[in-house]
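In the numbering used here, the protein residues as written are 120 to 259.
Idealized CB from N, CA, C, for every residue including glycine.
Being a predicted model, the structure only gives us computed values, none of them experimental.
Shown next, in C-alpha cells, is the structure this report addresses.
Right, dumping it as C-alpha cells:
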C-alpha cells in the first residue's frame, strides 16, 4: 500500500483505499455494504439527550436519514429548542454510535443537518419514548 492510502483510519469500515492504480484493490471503496436506514436508526438509539436521558430516536429528534454511495450518512435532526447548547454533545455521541467500534462502525462518516422546521413537539415522541419519560416522572 502506498503512502497515499495511509489516512489514519485503516481498518475502519468504509475507509477509502488508494487510487494510485498500483495497490491491490486500489480503485474505489472497500467492499463494505452500505449501511441501512434501519441500522443507522438502531445505532442512533445509543445517542441520548443529555437533559432528558432519552435517546434521540424515541424523542423524535431524527427527522430523516440518507446514506450516499460512499457510506456517508446525513441525518436531518432537530432539538427540543433551537437555543439548546448541546449540539456538540449530540454530535460526539453520534460519531461514537455510527463510526466507532469493532471494524470502525456502520458508516464511514456522517453529517448532521440541523433543521428547525417543522418545529419539534411532544407529538414527535414515540410510544417507547413516552414510556421512558413516564418512568422518569414526566406526564406525557
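Tell me the DSSP bridge mates of residue 196? 181, 233
Inspect the beta-carbon positions of residue 154 and residue 216 and report whether they are closer than 8 Å. no
Whole-angstrom C-beta distance between residue 181 and residue 198, which should lie under 8 Å: Not a contact, Cβ separation roughly 11 Å.
Should residue 177 go down as buried or exposed, given a rule of 16 or more other Cβ atoms within 10 Å for buried? buried
Just list the residues that DSSP pairs residue 84 with in beta bridges. As shown, the chain starts at 120 and ends at 259. That puts residue 84 outside it, with no answer to give.
How about residue 225 and residue 159: are their beta carbons less than 8 Å apart? yes
Is residue 202 buried or exposed, if buried means 16 or more other CB atoms sit within 10 Å of its CB? exposed
N- and C-terminal bounds of the alpha helix (DSSP H) containing residue 260: What the structure shows of the chain is the stretch from 120 to 259, and residue 260 is not part of that stretch, so it cannot be assessed.
Proximity test, residue 221 beta-carbon vs the ligand NAD heavy atom, cut-off 7 Å: The ligand NAD is not part of the structure shown, which contains no ligands of any sort.
Alpha carbon of residue 204 to alpha carbon of residue 213, nearest angstrom: 16 Å
What span of residues does the alpha helix (DSSP H) with residue 248 cover, start to end? 246-254
Provide the residue span of the alpha helix (DSSP H) that contains residue 159, from first to last. 156-163
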